[in-house]
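S.K.: Sequence order for the protein chains is A and B. With my numbering, letter number 362 in the first sequence gets 395, and the count goes up by one each step, no holes. With my numbering, letter number 344 in the second sequence gets 377, and the count goes up by one each step, no holes.
2 protein chains.
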Amino acid sequence: MRADQSLLEAFRLTTFPVGGSSSRTVQELKDVLEHVEGKLGSDTYGTGKLIEDFQAQMATYLGKESAVFFPSGTMAQQIALRIWCDQKKLPKVAYHPLCHLEIHEQDGLKELHHIEAHLLADKNRLIRLEDVVNMQEDIACLLLELPQRENGGQLPDYEELEKISAFCRDKGIKLHLDGARLFEITPYYQKSAAEICSLFDSVYISFYKGIGGIAGAILAGDSSFTEISKVWKRRHGGDLISLYPYILSSDYYFKQRVDKMVQYYTGAKELAGLINQCHGVTTIPTEPVSNMFHVHFDRSVEELEPLLISIYEETGIGLTSYLRSTGEKSCYYELSVGDRYAKLPMDKLREALQLLDTKMKMTANS
Amino acid sequence: MRADQSLLEAFRLTTFPVGGSSSRTVQELKDVLEHVEGKLGSDTYGTGKLIEDFQAQMATYLGKESAVFFPSGTMAQQIALRIWCDQKKLPKVAYHPLCHLEIHEQDGLKELHHIEAHLLADKNRLIRLEDVVNMQEDIACLLLELPQRENGGQLPDYEELEKISAFCRDKGIKLHLDGARLFEITPYYQKSAAEICSLFDSVYISFYKGIGGIAGAILAGDSSFTEISKVWKRRHGGDLISLYPYILSSDYYFKQRVDKMVQYYTGAKELAGLINQCHGVTTIPTEPVSNMFHVHFDRSVEELEPLLISIYEETGIGLTSYLRSTGEKSCYYELSVGDRYAKLPMDKLREALQLLDTKMKMTANS
Chain A
34 MRADQSLLEA FRLTTFPVGG SSSRTVQELK DVLEHVEGKL GSDTYGTGKL
84 IEDFQAQMAT YLGKESAVFF PSGTMAQQIA LRIWCDQKKL PKVAYHPLCH
134 LEIHEQDGLK ELHHIEAHLL ADKNRLIRLE DVVNMQEDIA CLLLELPQRE
184 NGGQLPDYEE LEKISAFCRD KGIKLHLDGA RLFEITPYYQ KSAAEICSLF
234 DSVYISFYKG IGGIAGAILA GDSSFTEISK VWKRRHGGDL ISLYPYILSS
284 DYYFKQRVDK MVQYYTGAKE LAGLINQCHG VTTIPTEPVS NMFHVHFDRS
334 VEELEPLLIS IYEETGIGLT SYLRSTGEKS CYYELSVGDR YAKLPMDKLR
384 EALQLLDTKM KMTANS
Chain B
34 MRADQSLLEA FRLTTFPVGG SSSRTVQELK DVLEHVEGKL GSDTYGTGKL
84 IEDFQAQMAT YLGKESAVFF PSGTMAQQIA LRIWCDQKKL PKVAYHPLCH
134 LEIHEQDGLK ELHHIEAHLL ADKNRLIRLE DVVNMQEDIA CLLLELPQRE
184 NGGQLPDYEE LEKISAFCRD KGIKLHLDGA RLFEITPYYQ KSAAEICSLF
234 DSVYISFYKG IGGIAGAILA GDSSFTEISK VWKRRHGGDL ISLYPYILSS
284 DYYFKQRVDK MVQYYTGAKE LAGLINQCHG VTTIPTEPVS NMFHVHFDRS
334 VEELEPLLIS IYEETGIGLT SYLRSTGEKS CYYELSVGDR YAKLPMDKLR
384 EALQLLDTKM KMTANS
């Protein structure tokens, strides 16, 4: 068995996994369908009450004129950028070097849409107003991801966000929100989703991050924008005859969890505080600004894994199922607080983190 | 209420709809999940036992080395053609003028992949060997749809198909099968799916036609081909974190219905025979070669609708929910035989068709 598999196996055997809301099993869909009448008719190629009602509900929630349900954010966001590029007849956008489109989509934006991406800021920090103001490139659209997932879920000050938005509007640059974790940042900003979205021309949100649904995304904006997005959805092969398994689960878990974002955020701050007390362990951000953060260790994956496995076995607490190396003597994992955190036995969690502290100290000079 | 809506409404109120296997409601998914354990883990971005097992099962069934599950055929087929065009460095394919890619996909092949399509044959007839042999264009791939859905579900002789396949292989032209209704043609050809697929380099099949699943498709071929298709699936936004609602339903209804294709085909021939006895009504093909055919009337939609509605109300038999105009005095609808046909009270069906015959005669000179 490979080392990373044994960590995954040990994690699966824990009684108290720390992150998320539930494991990704078929039970999640069963729970949804128990609350839906069998005679409810499917959506049909993007039409029908089932999909139209949910789209209208999300448009209202996001304060946008119109919203379209997509099978994935990958599809929704490429399409959003394509529409803005076509409108300006300029196939060029800007985004962060760790943007989902840059690192997780096999270059779909370039290969399918022939759109060039200008990278703003660098991997370790957020895009700042000055990056946007000093940009030499002419672009059709700027994409901002809130929070910036790949560097731990960081956020700019709200005032800076407003300034970036005003600058873009002034310069005729469309502003698109990668809001995969939009719900999760409303407590920190103390703003509604609609208030945040009002700074953007187009918005994508996801239903399987904090919401914990099965899959699916919404793309929202003016009707003139969303109407064109439906044409591109058809072209991408995303205009399925039935999207209802995803729509029903998005709706169900949205209702269940959207009001828990304060609880998740508070939990994340508490948990990061505890983790930061451990020797050789730090979180980014130090104090989370959403339900998520990254946990960094000054140990290699190979050194850390046996320590974690012994902690899991001794306490039943599962901190992570994987570790990602960031250097010869460093690695990290991502943690998102969901329903599970509130149900953890805190004495067990403290015991696990004390063990981690002790073991990190004991191996400090190894 | 618009006339076409009143036909739809009247159809919905009938006790005995003639075509298909069931109505598209959430119950179809509930039925699937009743047979699945809740603890079964989701597929994850195209990996995991759930998706890999089904893909392997379908590869075997189709006699191909490898198979990939896609959310839609639109996505799968564009990608298949793209791979063959890239391999030959020639962005040009050939297909029928009524090909799904030409008329139902908002020109995705052209807009996303910049592939030019050469149209073979004409709308009213199939692609023949001579069309392929005499083609002046240099192409990377020829797509054949079996059966040709948009002209009633017609098929070439199997010998002609073999000759086309041999010609393409000889000329270095890849042959792709649009097998959305592949299961449905195995009884007429008296060949297994794998035998038919052996004539093709790549094959797409659908799970919501004769199989009656919720959505989803398989693309099959050599491993070198399917591996690249996964990269394009990611680019298209089709590599969802969870495709299991579609995979489980495809698997469930495949097992339930794949062996019923002879029954559906026999039913279609019987039903077309009865329909062709009605005055002013003809089917294309005259004798079906699969479970589907088109029903043509020498009446306008406006003339025919009230006749159909009165027949529905009098007999409870629902022939169609819509009519599509083909001229000033002609219209048609598509009929696919599924589970429902075997459960119809035949006396009621005969009564309905006798009424249709009488009403068509009575209005013959109107």
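Cβ coordinates follow ideal geometry from the N, Cα and C atoms, glycine included.
#1: From aspartate 234 of chain A to aspartate 255 of chain A, what does the alpha carbon distance come to, in whole angstroms?
#2: Determine whether the beta carbon atoms of glycine 349 of chain A and threonine 47 of chain A lie at a separation below 8 angstroms.
#3: Say whether chain B places a C-beta atom closer than 8 angstroms to the C-beta of histidine 269 of chain A.
#4: Out of A/Leu276, A/Thr259 and A/Arg267, which has the shortest C-alpha to C-alpha gap to isoleucine 247 of chain A?
#5: Contact criterion: CB-CB distance below 8 angstroms. Does isoleucine 247 of chain B meet it with respect to chain A?
#6: Return the residue from the list B/Arg158, B/Asp171, B/Gln169 and B/Leu352 that minimises the CA-CA distance to leucine 179 of chain B.
#7: Quick one: what's histidine 146 of chain B bridged to in DSSP?
#8: How would you call valine 295 of chain A, buried or exposed, if buried means at least 16 neighbouring beta carbons within 10 angstroms?
#9: Using 8 angstroms as the threshold, is the C-beta distance between cysteine 311 of chain B and aspartate 190 of chain B below it?
#10: For a test of your reading of the model: does the CB of serine 99 of chain B fall under 7 angstroms from any non-hydrogen atom of the ligand FMN? Yes or no.
#11: Around the C-beta of alanine 213 of chain B, are 16 or more other C-beta atoms found within 10 angstroms, so that it is buried, or is it exposed?
#12: According to DSSP, is histidine 133 of chain B part of a helix, a strand, or is it coil?
#13: Shorter than 8 angstroms from the beta carbon of methionine 34 of chain B to some beta carbon of chain A?
#14: What does the alpha-carbon distance come out to for the pair glycine 71 of chain A and lysine 63 of chain A?
#15: Is the beta carbon of alanine 253 of chain B less than 8 angstroms from the beta carbon of alanine 397 of chain B?
#16: Is the beta carbon of lysine 302 of chain A closer than 8 angstroms to that of proline 321 of chain A?
#17: Excluding the five sequence neighbours on either side, which residues of its own chain have a C-beta within less than 6 angstroms of the C-beta of phenylalanine 44 of chain B, listed in chain order?
#18: Could you give the DSSP three-state label for aspartate 211 of chain B: helix, strand or coil?
#19: Do isoleucine 261 of chain A and phenylalanine 102 of chain A count as a contact pair if the criterion is CB distance below 8 angstroms?
#20: Specify the secondary structure class of lysine 122 of chain A as computed by DSSP and reduced to three states.
#21: Just reading off the alpha helix (DSSP H) that leucine 368 of chain A is part of, what are its end residues?
#22: With 16 other CB atoms within 10 Å as the buried threshold, where does asparagine 167 of chain B fall?
#23: Using the DSSP secondary-structure output, state which residues sit across from isoleucine 251 of chain A in a beta bridge.
#24: Could you check if arginine 332 of chain A is buried or exposed, using at least 16 other CB atoms within 10 Å of its CB as the buried criterion?
#25: Which whole runs of the beta strand (DSSP E) in the stretch 266-333 of chain A are 3 residues long or more, in chain order?
#26: State yes or no: is the beta carbon of threonine 259 of chain B nearer than 8 angstroms to at least one beta carbon in chain A?
#27: Take glutamate 384 of chain B as the anchor and find which of B/Leu273, B/Leu341, B/Val291 and B/Gly185 has the nearest alpha-carbon.
#28: Threonine 316 of chain A touches chain B at which residues, Cβ-Cβ below 7 angstroms?
#29: Since glutamate 192 of chain A is in the alpha helix (DSSP H), which residue starts that stretch and which ends it?
#30: Output, in chain order, the set of chain A residues within a Cβ distance shorter than 7 angstroms of lysine 63 of chain B.
#31: Count the other CB atoms, across all protein chains shown, that sit within 10 Å of the CB of histidine 146 of chain A; report buried if there are 16 or more and exposed otherwise.
#32: Taking buried to mean at least 16 other C-beta atoms within 10 Å of its own C-beta, is glutamine 110 of chain B buried or exposed?
#33: Note the first and the last residue of the continuous beta strand (DSSP E) segment covering glutamate 178 of chain A.
#34: Let me know if glutamine 169 of chain B comes out buried or exposed under the rule of 16 or more other beta-carbons within 10 Å of its beta-carbon.
#35: Are leucine 114 of chain A and leucine 142 of chain A closer than 8 angstroms when you measure CB to CB?
#36: Reducing DSSP to helix, strand and coil, say where proline 378 of chain B ends up.
M.R.: A quick look at the data gives this:
#1: 8 angstroms
#2: yes
#3: yes
#4: A/Leu276
#5: yes
#6: B/Arg158
#7: According to DSSP, histidine 146 of chain B bridges with nothing at all.
#8: exposed
#9: no
#10: Absence of the ligand FMN is noted for the structure shown, with no ligands found whatsoever.
#11: buried
#12: helix
#13: With a pLDDT of 44 at methionine 34 of chain B, under the threshold of 50, the modelled position of this residue cannot be trusted; read the value that follows with caution. No, methionine 34 of chain B lies away from the interface with chain A (no Cβ there is under 8 angstroms from its Cβ).
#14: 13 angstroms
#15: no
#16: yes
#17: Gly351 and Ser354
#18: strand
#19: no
#20: coil
#21: No alpha helix (DSSP H) contains leucine 368 of chain A, which is instead part of the beta strand (DSSP E) from 363-369.
#22: exposed
#23: A/Phe102 and A/Ile238
#24: buried
#25: 314-317 and 325-330
#26: no
#27: B/Leu341
#28: Residues of chain B passing the Cβ test: none, with the nearest at roughly 25 angstroms.
#29: 191-204
#30: Leu66 and Gly71
#31: buried
#32: buried
#33: 174-178
#34: exposed
#35: yes
#36: coil
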